[in-house]
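Chains A and B, in that order, give the protein sequences. First residue of the first sequence: 1, per the UniProt record's numbering; consecutive thereafter. First residue of the second sequence: 1, per the UniProt record's numbering; consecutive thereafter. Some notes on the structure that comes next.
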Amino acid sequence: MNIIPEITKNSIIGLINNEEREDGRSLNEYRDIVIETDLVSKAEGSAKVKLGDTQIIVGVKPQIGEPFPDTPDSGVLMINSEFLPMADPTFEPGPPTEDSVELARVVDRSIRESEMVDLKNLCILEGKKVWLLFVDLHIIDYDGNLFDAATLAVVAALLNTKLPMVKIENDELIVDKENTSPLKLTDKVTLCTAVKIGDKMVFDPSLEEEAILDARLSIGITESGKICAMQKGGNGSLSQDDIRIAVSTAYSLSKNLLTALN
Amino acid sequence: MIIITNDKVDSGREDGRAFDEIRSLKIEAGVLKRADGSAYLEVGGNKIIAAVYGPRESYIRRLLRPDTGVIRCRYNMAPFSVDDRKRPGPDRRSTEISKLTAEALRPSLLLEEFPRSMVDVYIEVIEAEGGTRCAGITAAAVALADAGIPMKDIVVGCAAGKNNNEIVLDLSEVEDKEGQADVPVAIMPRTGEVTLLQSDGNLTEEEFNKALDLAIEGCMRISEVQREALKAKYGE
């Protein structure tokens, strides 16, 4: 939790009520997005996303394991996040905080419900062997809006994930790491986060804007135009108009984020 | 104590409810002796106890705020509350729900009057049958009122969702598991401001708007039962 002096808070609110922001952006404008993929050669998929000065590295590691008993023909997708102490002076080493768990779960929900990864494709031997995809988020520099940056990073990493070929010979699994095939993906997803400050909804909040927000709303929208995830956060409330306006704005911003991914 | 039971009508829902019908609901305020405030809630097959302690001096230094009180919440499911025994202790789901519950209740509370203090909300799910996070919030709000904590409204929660391609209110366990989407909502009923909003599943913009409207309507109805429960304990 970063503490913002009252005077800075008032000046940010004053600006936003005038539809201006400290860094000169408009209320619906994202900071620059830089996406780099394939930066960890030992990982089967990886990506680094810079959203303004927020930086996240994501790695995808597949393992062969057993499916869950209730979904014997589906692979398993697991998303974890780690708020590294290097990313912010208030982040501490240790077990995941509520914020870290929330981030991982909201990103997980967006990816899962978008059905972008067809888990049935990850089945090797029904009921016995499936791919477990571990997606680990490393937050290395925290300058606001981890939600959107993390979702972009996970989608970018999955887009560049290659799974080793697997053969079954004499009841034995043979993993061929030399030959790989790209992970099959369908509907991409983006997350757009707006925060309520003063009486406005502001997209892609900066660190200072996040520290003074009343409420936050993240909206997951798929490439095909479905809302697949949503999460309200923060100690304040949102009016129904705030929500509806944010949802329709998110639809147009989502297109820009998809362009950045492609 | 108030019980709402509904006349069953034919519909496509597995329990025969109409699309905008909530499950039978019962709320009782002040069910525990030691807690400063408490409530018991049953909705459908859910059984939930909520308890509140505080405002009391914050003994956790990192949570202490010099300008206001803070709210902390622990949502916990009993190991015997679900079909397959749940391992005791917090997991990722309950950690997230705890955080969201605190954030859903906070806007209604006038904690600025209690700097350096904290309010603890404990929600125990004794039996779960779909929609426990909303039911927990609804019960916790009654417990907060029962504790006499100054508030500008009694927060209330209810979910809407999509099942068999239809937008329906107050999903049951089966509808939640098999359904296409789940939209839990909590509001402050006097102003209609939204304090909890999640969405999980696939919805178009139009369907989302419909689900939001329906959930808010459900909240309004549950809100009356909350008020009745408090009146039953404290009189008019």
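Glycine included, each C-beta is placed from N, C-alpha and C at the ideal position. The structure presented is a predicted model; accordingly, all values stated were derived computationally and were not measured.
Determine the direct distance from the alpha carbon of residue j to that of residue i, and round the result to whole angstroms.
{"i": "A:Ile-16", "j": "A:Lys-200", "result": "7 Å"}
{"i": "B:Gly-161", "j": "B:Gly-45", "result": "18 Å"}
{"i": "A:Pro-5", "j": "A:Ile-212", "result": "10 Å"}
{"i": "B:Arg-87", "j": "A:Asp-143", "result": "36 Å"}
{"i": "A:Gly-108", "j": "A:Ile-79", "result": "Residue identity differs from the one stated: residue 108 of chain A is Asp in this sequence, not Gly. Rounded to the nearest angstrom, the two C-alpha atoms are 6 Å apart."}
{"i": "residue 309 of chain B", "j": "B:Leu-212", "result": "Here chain B covers residues 1 to 236 and nothing more, so residue 309 of chain B does not appear."}
{"i": "B:Ala-102", "j": "A:Asn-235", "result": "8 Å"}
{"i": "B:Arg-56", "j": "B:Val-119", "result": "7 Å"}
{"i": "A:Met-116", "j": "A:Thr-186", "result": "5 Å"}
{"i": "B:Lys-8", "j": "B:Glu-14", "result": "Low local confidence applies: a pLDDT of 48 at B:Lys-8 is under 50, so the model's placement there is unreliable, with the coordinate-based value given in what follows. Going by the C-alpha atoms only, they are around 12 Å apart."}
{"i": "B:Asn-163", "j": "B:Glu-42", "result": "23 Å"}
{"i": "A:Ser-254", "j": "A:Ile-221", "result": "7 Å"}
{"i": "B:Ile-27", "j": "A:Ile-197", "result": "36 Å"}
{"i": "B:Leu-196", "j": "B:Ser-94", "result": "15 Å"}
{"i": "A:Val-202", "j": "B:Phe-208", "result": "21 Å"}
{"i": "B:Gly-85", "j": "A:Asn-262", "result": "Reading off the sequence shown, one finds Arg at residue 85 of chain B, where the question assumed Gly. The straight-line gap from Cα to Cα measures roughly 44 Å."}
{"i": "A:Glu-98", "j": "A:Asp-171", "result": "44 Å"}
{"i": "A:Pro-164", "j": "A:Phe-83", "result": "30 Å"}
{"i": "A:Leu-183", "j": "A:Glu-169", "result": "23 Å"}
{"i": "B:Arg-116", "j": "B:Asp-36", "result": "18 Å"}
{"i": "A:Ile-3", "j": "A:Val-101", "result": "22 Å"}
{"i": "B:Glu-191", "j": "A:Ala-246", "result": "Per the sequence presented here, residue 191 of chain B reads as Thr, with Glu not at that position. Using only the alpha carbons, I get a separation of about 19 Å."}
{"i": "B:Pro-184", "j": "A:Asp-242", "result": "17 Å"}
{"i": "A:Glu-208", "j": "A:Val-195", "result": "12 Å"}
{"i": "A:Leu-173", "j": "B:Glu-96", "result": "38 Å"}
{"i": "B:Ala-51", "j": "A:Pro-96", "result": "26 Å"}
{"i": "A:Leu-146", "j": "B:Lys-33", "result": "43 Å"}
{"i": "A:Val-106", "j": "A:Val-166", "result": "31 Å"}
{"i": "A:Asn-121", "j": "A:Ser-181", "result": "12 Å"}
{"i": "A:Lys-42", "j": "A:Ala-229", "result": "31 Å"}
Measure the beta-carbon distance from residue i to residue j and round it to whole angstroms, keeping in mind my assumption that it falls under 8 Å.
{"i": "residue 273 of chain B", "j": "B:Val-142", "result": "Residue 273 of chain B lies beyond the residue range present for chain B, which begins at 1 and ends at 236; the question has no answer from this structure."}
{"i": "B:Ile-49", "j": "B:Ile-126", "result": "6 Å"}
{"i": "A:Leu-27", "j": "A:Ala-149", "result": "Not confirmed; about 19 Å, so no contact."}
{"i": "A:Arg-31", "j": "A:Asp-141", "result": "Their Cβ separation, rounded to whole angstroms, is 13 Å, which puts A:Arg-31 and A:Asp-141 out of contact at 8 Å."}
{"i": "B:Glu-129", "j": "B:Glu-175", "result": "Incorrect: roughly 11 Å between the Cβ atoms, too far for contact."}
{"i": "A:Leu-119", "j": "A:Thr-151", "result": "Not a contact, Cβ separation roughly 18 Å."}
{"i": "B:Gly-201", "j": "B:Gly-179", "result": "7 Å"}
{"i": "residue 298 of chain B", "j": "B:Met-151", "result": "Residue 298 of chain B is absent from the model: chain B starts at 1 and stops at 236."}
{"i": "A:Ala-87", "j": "A:Ile-139", "result": "5 Å"}
{"i": "A:Ile-111", "j": "A:Val-189", "result": "6 Å"}
{"i": "A:Ala-260", "j": "A:Ala-157", "result": "That pair is no contact at about 14 Å."}
{"i": "A:Ser-239", "j": "B:Glu-193", "result": "6 Å"}
{"i": "B:Phe-19", "j": "B:Glu-166", "result": "6 Å"}
Which partner residues of residue i appear in the DSSP bridge assignment?
{"i": "B:Asp-182", "result": "B:Gly-161 and B:Asp-200"}
{"i": "B:Phe-114", "result": "DSSP lists no partner for B:Phe-114."}
{"i": "A:Ile-212", "result": "Partner(s): none; A:Ile-212 has no beta bridge."}
{"i": "A:Phe-134", "result": "A:Lys-61 and A:Met-78"}
{"i": "B:Ala-50", "result": "B:Ala-39 and B:Ile-123"}
{"i": "A:Ile-243", "result": "Answer by DSSP bridge pairing: none, since A:Ile-243 is not bridged."}
{"i": "B:Asn-76", "result": "B:Glu-124"}
{"i": "A:Pro-164", "result": "A:Thr-180"}
{"i": "A:Val-155", "result": "None, per the DSSP bridge assignment."}
{"i": "A:Val-106", "result": "A:Val-106 pairs with nothing; no bridge assigned."}
{"i": "residue 268 of chain A", "result": "No information on residue 268 of chain A is available, as it lies outside the stretch 1 to 262 that chain A covers here."}
{"i": "B:Gly-235", "result": "BP columns for B:Gly-235 are empty, so no partner."}
{"i": "B:Cys-219", "result": "For B:Cys-219, which the question treats as bridged, DSSP gives no partner whatsoever."}
{"i": "B:Ala-145", "result": "For B:Ala-145, which the question treats as bridged, DSSP gives no partner whatsoever."}
{"i": "B:Cys-56", "result": "Going by the sequence as given, residue 56 of chain B is Arg instead of Cys. According to DSSP, which records beta bridges pairwise, B:Arg-56 is partnered with B:Met-118."}
{"i": "B:Val-225", "result": "In DSSP, B:Val-225 forms no bridge with anything."}
{"i": "A:Cys-123", "result": "A:Val-130"}
{"i": "A:Lys-50", "result": "A:Val-34 and A:Gln-55"}
{"i": "B:Gly-136", "result": "DSSP lists no partner for B:Gly-136."}
{"i": "B:Asp-20", "result": "Beta-bridge pairing links B:Asp-20 to no other residue."}
{"i": "B:Leu-105", "result": "Answer is none; B:Leu-105 lacks a bridge partner."}
{"i": "A:Val-175", "result": "A:Val-166"}
* Asked: For the stretch 228 to 240 of chain A, which residues have a beta carbon sitting closer than 9 Å to at least one beta carbon of chain B?
  -> Cys-228, Ala-229, Met-230, Gln-231, Lys-232, Gly-233, Gly-234, Asn-235, Gly-236, Ser-237, Leu-238, Ser-239 and Gln-240
* To do: Decide if the stretch 205 to 221 of chain A is in contact with the stretch 165 to 178 of chain A; the criterion is three or more beta carbon pairs, one per stretch, under 8 Å apart.
  => no
* At a cut of 8 Å, does the stretch 69 to 87 of chain B reach the stretch 150 to 157 of chain B through at least three beta carbon pairs? -> no
* Asked: Would you call the stretch 10 to 25 of chain A and the stretch 35 to 44 of chain A touching, i.e. three or more CB-CB distances under 8 Å?
  -> no
* Asked: Taking a cut of 7 Å between CB atoms, which residues from the stretch 186 to 207 of chain B lie near chain A?
  -> Met-188, Gly-192, Glu-193, Val-194, Thr-195, Leu-196, Leu-197, Gln-198, Ser-199, Asp-200, Gly-201, Asn-202, Leu-203, Thr-204 and Glu-205
* Is the stretch 73 to 90 of chain A touching the stretch 124 to 134 of chain A, taking contact as three or more C-beta pairs under 8 Å? -> Cβ pair count under 8 Å is three or more, so yes.
* Asked: Just by C-beta distance, which residues in the stretch 76 to 93 of chain B are closer than 7 Å to chain A?
  -> Arg-92
* Take every Cβ of the stretch 214 to 221 of chain B, pair it with every Cβ of the stretch 223 to 237 of chain A, and state whether three or more of those distances are shorter than 8 Å. => They do not touch, by the three-pair rule.
* Asked: For the 8 Å Cβ check, are there 3 or more pairs between the stretch 21 to 39 of chain B and the stretch 238 to 253 of chain A?
  -> no
* Could you name the residues of the stretch 241 to 254 of chain A whose beta carbon sits closer than 9 Å to any beta carbon of chain B, in the order they occur along the chain? => For the stretch 241 to 254 of chain A, which is checked against every Cβ of chain B, the residues closer than 9 Å are Asp-242, Ile-243, Arg-244, Val-247, Ser-248 and Tyr-251.
* Residues of the stretch 103 to 114 of chain B with a CB closer than 9 Å to any CB of chain A: list them in chain order, please. => From the stretch 103 to 114 of chain B, only Glu-103, Ala-104, Arg-106, Pro-107 and Ser-108 have a Cβ closer than 9 Å to chain A.
* **chain A contacts made by the stretch 210 to 221 of chain B, where a contact means CB separation under 9 Å** => Leu-212, Asp-213 and Ile-216
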